[in-house]
Structure formats: structure tokens, C-alpha cells
Amino acid sequence: GENVEQHPSTLSVQEGDSAVIKCTYSDSASNYFPWYKQELGKGPQLIIDIRSNVGEKKDQRIAVTLNKTAKHFSLHITETQPEDSAVYFCAALTGFQKLVFGTGTRLLVSP
Amino acid sequence: ETGVTQSPTHLIKTRGQQVTLRCSSQSGHNTVSWYQQALGQGPQFIFQYYREEENGRGNFPPRFSGLQFPNYSSELNVNALELDDSALYLCASSSVAGGPSNEQFFGPGTRLTVL
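Heads up: the protein sequence lines correspond to chains A and B, in order. In terms of our numbering, the first sequence opens at residue 120 and continues consecutively. In terms of our numbering, the second sequence opens at residue 526 and continues consecutively.
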């Protein structure tokens, strides 16, 4: 079945450093890849997404890259701030608009 | 623009009981998807509703059922609750003319505890 693997499960960085989270998907028909940020006690918040017809997308300090051949996509956060601390989920859209999520990465940004 | 809202925020039930969770989609959105998120895991797709019909279902038993109303709000019903049903239940809305869109926006969730 469809599967999304996400690494690392935890990531600790110092404020100002960059953070990279990587995901691999299995369904070659997937064409939409969102990233969500989830803070404690809240629902996932869509922070950036990418479609299969582009290789990279950037929004201020956040960027996402996609390699369709390798079925890899990654989230890059530059100049991290303490408020970036949260759990980040990657996902791939499969079949009938079903999102398949990775297992999450807990990012901790220390001041 | 009003975001996705869910009620109740928290709920405690005992094994064997039934529960109904509610979701109001974001203004202008006509599609609602439900997800179950167990502690420490990513959300798992339960089903999706579009134009008041189930538009796809994940690997959940028939005791998980849903409805969508003409105003696009939705309900998730779970019968014969089991301990493993304890989770955060998330509703996500999306929309595009002519069919479901890609971007899904989540509500805050309902935390269900089954004792």
C-alpha cells in the first residue's frame, strides 16, 4: 500500500541554524506533497506544499525540494527560531484525495 | 474567512458506547476529510465526503461512519467504541470547482478518550 517514510524522528538545532527533514514516498502516482506543522494541542497547519511539476518551492525561510525520480522530498528551514519548535509532518496525496502522512519529526530549536 | 471548527474539544467515553464528532468546513469549501491521529503518530485517513457522498475510505471498519450536510458540515460517528479508538480526530476541508482540491486545511481536532 501507500507509504511515506520520514527522517529524522527528532532534530535539535541551535537558533539560527538550518534544519532539514527528509521524506520518501512509495506511490509513483502521487503528485502533491504538503508539509504540516503541528504544535502541542493543535491541529496540523499547512506551511508549504509542492506539486510534481516543479522541483523546488520557497516561502521566506522555508523551502521544499522534490525529486520525483527518487521519490524523495525534503523540507528546509533556514535561520531557525525558537517558535519553529513543533512536530513537522510530510504527506503525499494518493488516489482519491487521500493524504498519507509520515511519522513526524519533532524539531527543537534552542535559544 | 472562518477556518475549520470541530466540536467537542474533548470527550470521554466508555468501551462499547457510541460517539458523534462534528466539523464545520472552512468558508467556501465543499469537501471534508476525517483523520485519526494516535499519540505520537501521523494522521491516518478515515474517509472523505464530497457532495454529501463518501468519496473514499481508508482502512477503518464499518463502525466508523459519516455524514455530510448540504452546508458542507460533517459528522463522524463511531459505534461500539474500543480502547484503541482513543485518539485525536481531525477534520480537514478542501475545495475546488468541479471536484476535491489538493490543499487540505485542518481543524483543531477532538480528543477522544475511551475508558
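Idealized CB from N, CA, C, for every residue including glycine.
| Asked | Found |
| --- | --- |
| State yes or no: is the beta carbon of A/Tyr207 nearer than 8 angstroms to at least one beta carbon in chain B? | no |
| Going by C-alpha to C-alpha distance, which of B/Leu640, B/Pro633, B/Thr638, B/Leu637 sits closest to B/Gly528? | B/Pro633 |
| Can you confirm whether the stretch 610-619 of chain B touches the stretch 554-574 of chain B when touching is taken to mean that 3 or more C-beta pairs between the two stretches lie within less than 8 angstroms? | yes |
| Taking one C-beta from the stretch 222-229 of chain A and one from the stretch 533-545 of chain B each time, how about it: are there three or more such pairs within less than 8 angstroms? | no |
| Hey, out of A/Ile181, A/Glu202, A/Glu121, whose CA is closest to A/Ser149's CA? | A/Glu121 |
| Answer yes or no: do B/Gly567 and A/Gly223 have a C-beta to C-beta separation smaller than 8 angstroms? | yes |
| Please report the residue range of the beta strand (DSSP E) in which A/Val139 lies. | 138-144 |
| With a threshold of 7 angstroms on Cβ separation, who are the neighbours of B/Ser590 within its own chain once the five nearest residues in sequence on each side are excluded? | Asn602 |
| With a cut-off of 8 angstroms, does the C-beta of B/Glu628 fall near any C-beta of chain A? | yes |
| Taking C-beta pairs closer than 7 angstroms, name the residues in chain B that A/Pro201 reaches, listed in chain order. | In chain order: nothing, as chain B lies at least about 22 angstroms away. |
| Could you give the first and the last residue of the continuous beta strand (DSSP E) run that contains A/His126? | 123-126 |
| Leaving out five residues on either side along the sequence, give the residues of the same chain with a beta carbon under 6 angstroms from the beta carbon of A/Asp178. | Ile167 |
| Taking Cβ positions only, does B/Asn555 come closer than 8 angstroms to chain A? | no |
| Can you find the residues in the same chain that come closer than 6 angstroms, C-beta to C-beta, to B/Gln573, ignoring five residues on each side of it along the sequence? | Ser558, Asn580, Gly581 |
| Using the rule of at least 16 other Cβ atoms within 10 Å of the residue's Cβ for burial, across every protein chain shown, is B/Val604 buried or exposed? | Contrary to the premise, residue 604 of chain B reads as Asn rather than Val in this sequence. The residue is exposed, with fewer than 16 neighbouring Cβ atoms inside 10 Å. |
| Just checking my contact of A/Val139 with A/His195 at CB under 8 angstroms: how many whole Å lie between their CB atoms? | 5 angstroms |
| With a threshold of 8 angstroms between beta-carbons, can B/Pro625 be considered close to chain A, or not? | Below a pLDDT of 50, predicted positions are generally treated as unreliable, and B/Pro625, at 44, falls in that range; the measurement from the model is reported next regardless. It does; some Cβ of chain A falls within 8 angstroms. |
| Whose Cβ in chain A lies nearer than 8 angstroms to the Cβ of B/Leu615? | Gly162, Pro163 |
| Going by DSSP, which residues form a beta bridge with A/Glu175? | A/Thr184 |
| Would you identify the three-state DSSP class for B/Glu608, choosing helix, strand or coil? | The amino acid at residue 608 of chain B is misidentified as Glu; the sequence shows Leu. Helix at B/Leu608. |
| Checking contacts by CB at 8 angstroms: is A/Phe215 closer than that to chain B? | yes |
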